[in-house]
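2 protein chains.
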Amino acid sequence: MRTDNRSSGDLARLSVNQETVRQLPLPELVEGLVTLGVPGLGLWRGPVREYGVEAAAKLVRDAGLTVTTLCRGGFFTASDPDERAAALADNRAAVDEAAGLGTGTLVLVSGGLPAGDRDIACARERVADAVAELAPYAEERGVRLAIEPLHPMYASDRCVVSTLAQALDIAERFPARQVGVVVDTYHLWWDDRAAEGIARAGAGGRIASFQLADWVTPLPEGVLLGRGQLGDGCVDLRGFRELVDAAGYTGAVEVEIFNPALWARDGAEVLAETAARYRRHVL
Amino acid sequence: MRTDNRSSGDLARLSVNQETVRQLPLPELVEGLVTLGVPGLGLWRGPVREYGVEAAAKLVRDAGLTVTTLCRGGFFTASDPDERAAALADNRAAVDEAAGLGTGTLVLVSGGLPAGDRDIACARERVADAVAELAPYAEERGVRLAIEPLHPMYASDRCVVSTLAQALDIAERFPARQVGVVVDTYHLWWDDRAAEGIARAGAGGRIASFQLADWVTPLPEGVLLGRGQLGDGCVDLRGFRELVDAAGYTGAVEVEIFNPALWARDGAEVLAETAARYRRHVL
Numbered sequence: 001m002r003t004d005n006r007s008s009g010d011l012a013r014l015s016v017n018q019e020t021v022r023q024l025p026l027p028e029l030v031e032g033l034v035t036l037g038v039p040g041l042g043l044w045r046g047p048v049r050e051y052g053v054e055a056a057a058k059l060v061r062d063a064g065l066t067v068t069t070l071c072r073g074g075f076f077t078a079s080d081p082d083e084r085a086a087a088l089a090d091n092r093a094a095v096d097e098a099a100g101l102g103t104g105t106l107v108l109v110s111g112g113l114p115a116g117d118r119d120i121a122c123a124r125e126r127v128a129d130a131v132a133e134l135a136p137y138a139e140e141r142g143v144r145l146a147i148e149p150l151h152p153m154y155a156s157d158r159c160v161v162s163t164l165a166q167a168l169d170i171a172e173r174f175p176a177r178q179v180g181v182v183v184d185t186y187h188l189w190w191d192d193r194a195a196e197g198i199a200r201a202g203a204g205g206r207i208a209s210f211q212l213a214d215w216v217t218p219l220p221e222g223v224l225l226g227r228g229q230l231g232d233g234c235v236d237l238r239g240f241r242e243l244v245d246a247a248g249y250t251g252a253v254e255v256e257i258f259n260p261a262l263w264a265r266d267g268a269e270v271l272a273e274t275a276a277r278y279r280r281h282v283l
Numbered sequence: 001m002r003t004d005n006r007s008s009g010d011l012a013r014l015s016v017n018q019e020t021v022r023q024l025p026l027p028e029l030v031e032g033l034v035t036l037g038v039p040g041l042g043l044w045r046g047p048v049r050e051y052g053v054e055a056a057a058k059l060v061r062d063a064g065l066t067v068t069t070l071c072r073g074g075f076f077t078a079s080d081p082d083e084r085a086a087a088l089a090d091n092r093a094a095v096d097e098a099a100g101l102g103t104g105t106l107v108l109v110s111g112g113l114p115a116g117d118r119d120i121a122c123a124r125e126r127v128a129d130a131v132a133e134l135a136p137y138a139e140e141r142g143v144r145l146a147i148e149p150l151h152p153m154y155a156s157d158r159c160v161v162s163t164l165a166q167a168l169d170i171a172e173r174f175p176a177r178q179v180g181v182v183v184d185t186y187h188l189w190w191d192d193r194a195a196e197g198i199a200r201a202g203a204g205g206r207i208a209s210f211q212l213a214d215w216v217t218p219l220p221e222g223v224l225l226g227r228g229q230l231g232d233g234c235v236d237l238r239g240f241r242e243l244v245d246a247a248g249y250t251g252a253v254e255v256e257i258f259n260p261a262l263w264a265r266d267g268a269e270v271l272a273e274t275a276a277r278y279r280r281h282v283l
């Protein structure tokens with residue numbers, strides 16, 4: 001099923017994150033992407049480990065696809081020393097998996113506030129400390145850490161890094177070859193400082209990943225699985241793509257949507273729809 | 001039931017917003033506050049109009065209480081001219097009601113993006129335009145408009161003004177006697193620029209209201225009714241109170257919590273708990 005994905009024309013930068021079509025087992029996802037001429041995919045640790053890291057790497061490589069990101073490391077805001085050590089060990093494993101998959105980008109979601117903790121500034125510092133411990137290990141294995149700011153609605157339970165400016169404040173303490181940031185439209189669309197942050201990230205060579213999802217309401221309970229298909233919401237997706245382009249980013253444009261309504265449909269149909277929406281709302 | 005609320009000691013700045021105990025009819029709310037020695041209350045237009053604006057004003061005045069805010073005006077991001085005119089007319093009515101209640105503060109929630117609209121910067125400008133039309137009318141009636149930044153999770157459907165900096169960027173186009181801002185811990189706690197914004201707001205005499213609620217997860221569907229009782233969440237409430245104090249704010253500290261679990265309980269008990277939590281977590 002190998003095709004020449006290098007010549008896939010207007011989809012040449014498109015990548016689809018595995019979780020967008022989690023109903024598809026990895027071989028079917030790979031086949032679907034090849035059929036459409038989509039050259040990239042983003043992977044998640046859980047399903048990859050289930051399939052086997054080496055087997056997944058071979059499957060993707062044989063199909064001529066590129067793994068644009070591995071999601072995800074992070075969750076290292078624990079103040080308890082044992083929990084912190086465990087988180088760092090798990091992150092080193094994530095780096096190894098990223099290297100095994102041949103991707104240079106490990107996405108980091110920093111983690112929220114420990115129970116009873118009300119000091120978010122301090123938690124952000126613990127993120128920076130953990131990145132300092134992890135970055136050289138990752139660089140030795142050819143993997144760059146990509147700090148992802150998550151929407152402020154996740155600040156307490158998933159990610160104390162909420163804005164691109166905050167992510168850059170941490171990333172810029174390290175060489176750009178070691179630590180970058182993720183620009184994700186779902187998390188940043190509301191922020192009037194996002195454009196300034198993208199320019200700053202681009203100037204420093206820090207845009208490690210550009211991810212797309214649309215914003216739709218009402219948000220579901222827990223607010224995790226409410227991302228919209230491209231074009232279904234209020235995000236100026238093309239405007240964001242133009243901003244990252246203007247900032248000098250030439251990498252993959254990865255669609256990452258968590259939405260049970262998409263998961264309930266035929267996976268190949270969702271992939272085709274995603275490519276069509278990408279053409280219409282992003283290019 | 002009149003008591004001397006001016007001498008209520010450590011509760012001298014406390015105000016409880018009506019929606020915190022929406023199970024209480026206005027006379028019971030007033031009685032409960034007087035019993036506890038809480039001198040202030042924040043009112044909502046709906047229940048006040050049901051009770052009658054003049055009757056409500058008399059009830060509150062006779063009890064020696066102060067109406068710290070009226071919630072709310074705003075929702076003027078419509079681009080359709082008729083909708084926009086209707087919103088402005090409704091806001092003038094809200095100003096009249098505020099004046100009738102004897103409060104100097106009308107809280108404005110700006111409104112979200114109209115259906116199909118992806119230009120949030122433009123919507124924010126329409127907010128500023130509406131404030132320009134409304135501010136002189138309000139000033140003539142002794143009412144100051146208070147722009148409330150709402151958490152970014154409401155940016156698309158309720159309030160395109162998401163940060164204190166954005167609220168101040170609009171407010172500062174007008175005299176401070178006409179337009180101020182609301183500092184609400186629930187909406188701002190995650191923002192590392194909140195302290196800077198509070199200092200800026202205080203320096204300009206712009207803090208029109210200081211409101212408290214705690215942040216708890218998981219967020220409920222629609223994310224409207226998930227605010228936590230003081231002390232139940234991760235917000236450094238005392239830290240925020242110290243920031244507004246340091247910025248020169250000497251006004252009311254208003255507790256505004258929307259939470260069905262509080263509404264299901266005995267209202268007087270919730271009021272007493274709120275006063276106790278205020279003593280423990282805010283003072």
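Top to bottom, those sequences are chains A and B.
For the first sequence, UniProt numbering assigns the number 1 to the initial residue and increments by one for each residue that follows.
For the second sequence, UniProt numbering assigns the number 1 to the initial residue and increments by one for each residue that follows.
For each residue, glycine too, the CB sits at the ideal point set by N, CA and C.
Source: prediction; values computed, not measured.
Exercise for the section: Enumerate in chain order the residues of its own chain whose CB-to-CB distance from Gln18 (chain A) is below 7 angstroms, with the five nearest sequence positions on each side excluded. Expected result: Mapped onto the first sequence, residue 18 (chain A) falls at position 18. Once the five neighbours on either side are set aside, the close Cβ partners of Gln18 (chain A) are Leu29, Leu41, Gly42, Leu43, Trp44 and Pro47.
Handout entry: DSSP three-state assignment for Arg141 (chain B), whether helix, strand or coil
Key = Here residue 141 (chain B) refers to the residue found at position 141 of the second sequence. Here Arg141 (chain B) sits in coil by DSSP.
Exercise for the section: Check the Cβ-Cβ distances between Asp157 (chain B) and every residue of chain A, and say whether any is below 9 angstroms. Expected result: For the purposes of this step, residue 157 (chain B) is taken as residue 157 along the second sequence, with counting starting at 1. Chain A, which has a Cβ nearer than 9 angstroms to the Cβ of Asp157 (chain B), makes this yes.
Exercise for the section: Determine the extent of the beta strand (DSSP E) in which Leu43 (chain A) is found, giving its start and end residues. Expected result: Counted from its first residue, the first sequence places residue 43 (chain A) at position 43. Here the beta strand (DSSP E) through Leu43 (chain A) covers Gly40 to Trp44.
Practice task
Let me know if Ser209 (chain A) comes out buried or exposed under the rule of 16 or more other beta-carbons within 10 Å of its beta-carbon.
Solution key: Locating residue 209 (chain A) in the first sequence gives position 209, counting from the first residue. Residue environment: Ser209 (chain A) is assigned as buried (16 or more neighbouring CB atoms within 10 Å of its CB, all protein chains considered).
Practice task
Would you verify that the beta carbon of Leu283 (chain B) is, or is not, closer than 9 angstroms to some beta carbon of chain A?
Solution key: On the second sequence, position 283 is the one that residue 283 (chain B) refers to. Leu283 (chain B) does not count as touching chain A.
Exercise for the section: Measure the C-alpha to C-alpha separation of residue 295 (chain A) and Gly231 (chain A) and round it to an integer number of angstroms. Expected result: Here chain A has residues from 1 to 283 only, and residue 295 (chain A) is not among them.
Exercise for the section: Would you verify that the beta carbon of Arg118 (chain B) is, or is not, closer than 9 angstroms to some beta carbon of chain A? Expected result: On the second sequence, position 118 is the one that residue 118 (chain B) refers to. Arg118 (chain B) counts as touching chain A.
Exercise for the section: Let me know the secondary structure DSSP gives Ala115 (chain B) once reduced to three states. Expected result: Against the second sequence, residue 115 (chain B) aligns to sequence position 115. Coil at Ala115 (chain B), not helix or strand.
Exercise for the section: May I ask you to list the residues that DSSP assigns as paired with Gln211 (chain B)? Expected result: Taking the second sequence and counting its residues from 1, one reaches residue 211 (chain B) at position 211. According to DSSP, Gln211 (chain B) bridges with B:Asp184 and B:Glu254.
Practice task
Note down, one range per segment and in chain order, each beta strand (DSSP E) of at least 3 residues found wholly within the region 225-283 of chain A.
Solution key: 253-255
Practice task
With a floor of 4 residues, list each alpha helix (DSSP H) that falls wholly inside the region 11-36 of chain B, ordered by position along the chain.
Solution key: Runs found: 26-36.
Problem - Sequence-distant residues of the same chain with beta carbon closer than 7 angstroms to Leu88 (chain A), five excluded per side - result: Mapped onto the first sequence, residue 88 (chain A) falls at position 88. Answer for Leu88 (chain A): Phe76, Ala130, Glu133 and Leu134, listed in chain order.
Exercise for the section: Spell out the partners DSSP gives Val107 (chain B) in its beta bridges. Expected result: Within the second sequence, numbered from 1, the residue matching residue 107 (chain B) stands at position 107. As computed with DSSP, Val107 (chain B) is found in a beta bridge with B:Cys71 and B:Ala146.
Handout entry: Alpha-carbon spacing of Arg6 (chain A) relative to Thr274 (chain A), whole angstroms
Key = Walking along the first sequence from the start, residue 6 (chain A) turns up at place 6. Walking along the first sequence from the start, residue 274 (chain A) turns up at place 274. Here Arg6 (chain A) scores only 44 on pLDDT, less than 50, and its place in the model should not be relied on; the value that follows carries that caveat. Spanning the two alpha carbons is a distance of roughly 19 angstroms.
Practice task
Count the other CB atoms, across all protein chains shown, that sit within 10 Å of the CB of Pro149 (chain A); report buried if there are 16 or more and exposed otherwise.
Solution key: As a first step, residue 149 (chain A) is located in the first sequence; it is residue number 149 there, counting from the start. With 16 or more other Cβ atoms within 10 Å, it is buried.
Practice task
Could you please give me the residues that DSSP links to Val179 (chain B) through a beta bridge?
Solution key: Position 179 of the second sequence, counted from the first residue, corresponds to residue 179 (chain B). Partner(s): B:Leu145.
Exercise for the section: Can you give me the Cβ contacts of Ala57 (chain A) inside the same chain, cut-off strictly under 7 angstroms, excluding the 5 residues immediately before and after it? Expected result: As a working mapping, residue 57 (chain A) is identified with position 57 in the first sequence. Taken in chain order, the residues that qualify are Gly100, Leu101 and Gly102.
Exercise for the section: Answer with yes or no whether the minimum CB distance from Ser110 (chain A) to chain B is below 9 angstroms. Expected result: Position 110 of the first sequence, counted from the first residue, corresponds to residue 110 (chain A). Taking Cβ atoms only, chain B never reaches closer than 9 angstroms to Ser110 (chain A), which makes this a no.
Exercise for the section: Whole angstroms is fine: what's the gap from Leu212 (chain B)'s alpha carbon to Leu237 (chain B)'s? Expected result: Numbered from 1 along the second sequence, position 212 holds the residue referred to as residue 212 (chain B). Numbered from 1 along the second sequence, position 237 holds the residue referred to as residue 237 (chain B). Computed Cα separation, rounded: 7 angstroms.
Practice task
Can you tell me the Cβ-Cβ gap for Gly112 (chain B) and Cys159 (chain B), rounded? I've got them flagged as a contact below 8 angstroms.
Solution key: As a first step, residue 112 (chain B) is located in the second sequence; it is residue number 112 there, counting from the start. As a first step, residue 159 (chain B) is located in the second sequence; it is residue number 159 there, counting from the start. Going by Cβ atoms, the distance from Gly112 (chain B) to Cys159 (chain B) rounds to 6 angstroms, so yes, they are a contact pair.
Handout entry: Contacts around Pro260 (chain A), its chain only, beta-carbon distance under 8 angstroms, and the 5 residues preceding and following it disregarded
Key = Residue mapping note: residue 260 (chain A) aligns to position 260 of the first sequence, counting from 1. Leu225, listed in sequence order.
Problem - Interface partners of Gly222 (chain A) on chain B, CB under 9 angstroms - result: Stepping through the first sequence from its first residue, residue 222 (chain A) is reached at position 222. Those are Thr217, Pro218, Leu219, Pro220 and Glu221, listed as they occur along chain B.
Problem - Neighbour flag for Pro149 (chain A) against chain B, beta carbons, 9 angstroms - result: For this step, residue 149 (chain A) is matched to residue 149 along the first sequence. It does not; no Cβ of chain B falls within 9 angstroms.
Practice task
Could you tell me whether any Cβ in chain A is nearer than 9 angstroms to the Cβ of Val253 (chain B)?
Solution key: As a first step, residue 253 (chain B) is located in the second sequence; it is residue number 253 there, counting from the start. Val253 (chain B) is outside the set of residues whose beta carbon lies under 9 angstroms from a beta carbon in chain A.
Practice task
Determine, using beta carbons only, whether Arg124 (chain B) comes closer than 9 angstroms to chain A.
Solution key: For the purposes of this step, residue 124 (chain B) is identified with residue 124 of the second sequence, where counting begins at 1. Answer yes: the Cβ-Cβ gap between Arg124 (chain B) and chain A drops below 9 angstroms somewhere.
Exercise for the section: Give me the Cα-Cα distance between Tyr154 (chain B) and Glu54 (chain A), rounded to the nearest whole angstrom. Expected result: Against the second sequence, residue 154 (chain B) aligns to sequence position 154. Against the first sequence, residue 54 (chain A) aligns to sequence position 54. About 43 angstroms.
Problem - Residues of the region 222-248 of chain B whose Cβ lies closer than 7 angstroms to any Cβ of chain A, in chain order - result: Gly222, Val223, Cys234, Val235 and Asp236
Problem - CB contact below 9 angstroms: Thr77 (chain B) versus chain A - result: The residue labelled residue 77 (chain B) in the question sits at position 77 within the second sequence. For Thr77 (chain B), the answer is no, since every Cβ of chain A falls outside 9 angstroms of its Cβ.
Practice task
Compute the beta-carbon to beta-carbon distance between Cys234 (chain A) and Arg118 (chain B), rounded to the nearest angstrom, for a pair I have assumed lies under 8 angstroms.
Solution key: Stepping through the first sequence from its first residue, residue 234 (chain A) is reached at position 234. Stepping through the second sequence from its first residue, residue 118 (chain B) is reached at position 118. Right, the Cβ-Cβ distance comes to about 5 angstroms (below 8 angstroms), so this counts as a contact.
Handout entry: Partners in chain A for Gln166 (chain B), counting only beta-carbon separations shorter than 8 angstroms
Key = Translated into positions along the second sequence, residue 166 (chain B) becomes position 166. In chain order: Asp192.
Practice task
Determine, using beta carbons only, whether Pro260 (chain A) comes closer than 9 angstroms to chain B.
Solution key: For the purposes of this step, residue 260 (chain A) is taken as the residue at position 260 of the first sequence. By this cut-off, Pro260 (chain A) is not an interface position.
Practice task
For Leu113 (chain B), return the contacting residues in chain A, with the cut-off set at a CB-CB distance below 8 angstroms.
Solution key: Taking the second sequence and counting its residues from 1, the one referred to as residue 113 (chain B) is at position 113. By Cβ distance, chain A contributes Cys234.
Exercise for the section: In the DSSP assignment, find the unbroken alpha helix (DSSP H) run with Ala167 (chain A) in it and report its ends. Expected result: In the first sequence, counting from the first residue as 1, residue 167 (chain A) sits at position 167. Counting along the chain, the alpha helix (DSSP H) containing Ala167 (chain A) begins and ends at Leu164 to Ala171.
Handout entry: Inter-residue spacing [alpha-carbon to alpha-carbon] between Arg265 (chain B) and Gly37 (chain B)
Key = What you label residue 265 (chain B) is simply residue 265 of the second sequence in a count that begins at 1. What you label residue 37 (chain B) is simply residue 37 of the second sequence in a count that begins at 1. Cα-Cα distance, rounded: 21 angstroms.
Exercise for the section: Figure out for me which residue from A:Gly197, A:Glu269, A:Val107 and A:Glu172 has the closest Cα to the Cα of Val143 (chain A). Expected result: Taking the first sequence and counting its residues from 1, the one referred to as residue 143 (chain A) is at position 143. If we check each option's Cα against that of Val143 (chain A), A:Val107 comes out closest.
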